[in-house]
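Scroll down for the structure; my scribbles are underneath it.
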Amino acid sequence: MKKKLATLSALAGALVVFSHPLLAHHGTSSYDFSKTVTLNGTITGFDWANPHCLIHIDVKNDDGNVQHWTLELPSTFTMARRGWTKDSLRLRDQAVVETHPAKNGTAVGISWMPGSLMKVVANGKAMPTQ
């Protein structure tokens, strides 16, 4: 009986540990795919990490105030297949980036769709999208 309980406990623990990454992944329903926003600003960070790479960019809004945006990209594997590296974007690069903004109005966006990235230009150089 103790052996069955120990086995059941081990299986339950394994289920919790291995199912956690599945729960952590999210969908794209929080983004407004009917809108495309073009951001022109300064790169303040580029996270080359899984499950998604992130672009951090400071953009002046219509009032002249700086707004910090975070943009989601695909995984490092997908980005590398398109020719990107961890050094593709650097701090203080001047960039123009297209994104689909968050529905709730926060400065968050998604800059890719299955099959292609949206426009990213850094220091006048267009980054690979396909």
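All letters in the sequence shown, in the order written, are residues 1 to 130 by this note's numbering.
Just so it is clear, CB atoms sit at the ideal spot from N, CA and C, and this is done for glycine as well.
Model, not experiment: these values are computed from the prediction.
- With contact defined as three or more Cβ pairs closer than 8 Å, the region 87 to 96 and the region 64 to 73 are not in contact.
- The residues Glu98, in chain order, have a CB closer than 6 Å to that of Lys119 in the same chain once the five nearest residues on each side in sequence are set aside.
- As computed with DSSP, Trp69 is found in a beta bridge with Ile57.
- Under the three-state reduction of DSSP, Thr28 is assigned to coil, being neither helix nor strand.
- DSSP, read as helix, strand or coil, puts Thr78 in helix.
- The criterion of a C-beta distance shorter than 7 Å is not satisfied by Asn50 and Thr28.
- Per DSSP, the continuous beta strand (DSSP E) segment holding Leu39 begins and ends at Val37 to Asp47.
- The beta carbon of Ser111 sits closer than 8 Å to those of Ile55, Leu71, Glu72, Leu73, Val97, Glu98, Thr99, His100, Leu117, Met118 and Val120, all from its chain and outside the five residues before and after it, given in chain order.
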